[in-house]
Amino acid sequence: MAGRVLAAVRTVLHCRALPADSRRMKRVLFLVNGLGLGNSTRCHAIMQKLAEAEVRSSVATSGNGLWYFRQQKDIDEPVELGALHYGTSDGHISGMRTILSVPEYLGTLRANARVIDEVMETLKPDAVVTDSTYLRRRGRVRDVPLFAVNNADVVHTLYQAYSDRPSSIRLQFHAVEEMDFLYHRLVPDVALSPCLAEPPKASPAPYYRVGPIVRPACRPAATNGRAHRILVMLSGSRFGSPVYLQRAPAGCTVDIVGRSAPPTNNVPIGCRYLGRVLNTPELAADADVLVVNGGFSAVSEAFVMRKPLIVIPLPNHAEQWVNARTICAIGVGMMAREEEIEDAIDTALANLESYRAAYARLPLAPDGAAQAAERILQAIN
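277 is the number of the first residue of the sequence shown in our numbering; add one for each residue after it.
Printed below as a string of structure tokens:
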């Protein structure tokens, strides 16, 4: 089995022609968890900044990450990794099931380690960047700078700062988020930590704070006047909230990305189910309100674009709850449960001017992708 995997890796690594001067170029290897799309889009944003400095990027990923990177002409063909995912119960994230799945995760880590060793030997990168991909040991990676894109330090700090945190997220916080925090304190040389607003406590080493990391197309695009368009853009992972709307607000079109129309095909007037969409910033630019799950990348892109937000954290997910609570604290949106989408849209439309005013008081967000790329360049040049 291992031999077949490594043979496949060699085939993938050589299936795209490299430019004539590629051997003289610096190269960074990204190891990206592809459960949702957020890890892939933010790593791609860093890759694009590195490319401006004539640094080539390669990627090993899984799941949705393979779908995303195979459509990016500026990136080598991705290498496939085994997927790590949360344990589930009744279709929702389960802290206990996640703990019980540890033996399975260790097997995946061992298989991934063999693939990563082969990629390291073949590409000989100048640095490695991980995003929610965990190394069982440093192995060949010990010879080059190891970066991670991870803001578990922000989650660690804000979870304790928000006294209204629900008990339902406690187990997942301690079983997953705190272990994530500990791992990134011990393993990478630098943990690039994006944040929306500076938390009350400074980051411990090796965390390095940067601004939100978003795709280049995510530019400020505030709208004015009466709302006309709502964009529902929930997680592309298997935990994404279902979306079966019964109505659209009067005078508004509701676009639903990443979901197919209901099986009955009984779609309300004013609602459009668009399925899987690669270039979502174009849709978001025209929207007056965005409805997203609480993944940090989705929240970050909406925040940078200055879009009023309805954040629907996945049940039992501490990080997503913290991200949603932060949007409420900043004043640019609200939090809701997945069964409340339609009522939440009505509430957000009623509070639209308040959210717009809150954005108007905020400075523009710094370019976290550029800051992250600059820190990587410091290490490899």
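All C-beta atoms in this analysis are idealised placements derived from N, C-alpha and C, irrespective of residue type, glycine included.
{"Check": "Test item: CB-CB of VAL533 and LEU566 under 8 Å", "Outcome": "no"}
{"Check": "Cβ neighbours of ALA428 in the same chain (closer than 7 Å, five flanking residues each side left out)", "Outcome": "GLU453, ASP456, PHE457 and HIS460"}
{"Check": "Alpha-carbon to alpha-carbon, ILE322 and ALA649", "Outcome": "6 Å"}
{"Check": "Nearest-angstrom Cα separation, counted from ASP465 out to ALA359", "Outcome": "24 Å"}
{"Check": "Whether VAL391 touches VAL355 by CB criterion (8 Å)", "Outcome": "yes"}
{"Check": "Given ASP562 as reference, the closest of SER576, PRO584 and PHE572 once Cα atoms are compared", "Outcome": "PRO584"}
{"Check": "Exposure of GLU615, with buried meaning 16 or more beta-carbon neighbours within 10 Å", "Outcome": "exposed"}
{"Check": "Under 8 Å between C-beta atoms of ILE489 and GLY310", "Outcome": "no"}
{"Check": "Inter-residue spacing [alpha-carbon to alpha-carbon] between GLY399 and PHE345", "Outcome": "Contrary to the premise, residue 399 reads as Leu rather than Gly in this sequence. Each residue's Cα considered, the two are about 18 Å apart."}
{"Check": "Beta-carbon contacts of TYR520 that lie in its chain and below 6 Å, excluding the five residues immediately before and after", "Outcome": "PRO538"}
{"Check": "Residue ranges of each beta strand (DSSP E) within the stretch 377-460, 3 or longer", "Outcome": "403-407 and 422-425"}
{"Check": "Rounded straight-line distance, which links the Cα of VAL598 to that of ALA605", "Outcome": "10 Å"}
{"Check": "Assigned exposure category for PRO475 - 16 Cβ within 10 Å defines buried", "Outcome": "buried"}
{"Check": "Runs of beta strand (DSSP E) wholly within the stretch 473-555 (minimum 3 residues, chain order)", "Outcome": "483-486, 505-509, 529-533 and 547-551"}
{"Check": "Identified DSSP bridge partners for ASN660", "Outcome": "The shown model of the chain, from 277 to 657, leaves out residue 660, and the question about it has no answer."}
{"Check": "Proximity to ASN388 [Cα-Cα], best of ASP350, ILE588, VAL417 and LEU357", "Outcome": "LEU357"}
{"Check": "For LEU585, the residue or residues it bridges with in DSSP", "Outcome": "LEU566 and GLY609"}
{"Check": "Rounded Cβ spacing between GLY546 and ALA524 (contact assumed at less than 8 Å)", "Outcome": "3 Å"}
{"Check": "Residues bridged to SER333 [DSSP beta-bridge criterion]", "Outcome": "VAL304"}
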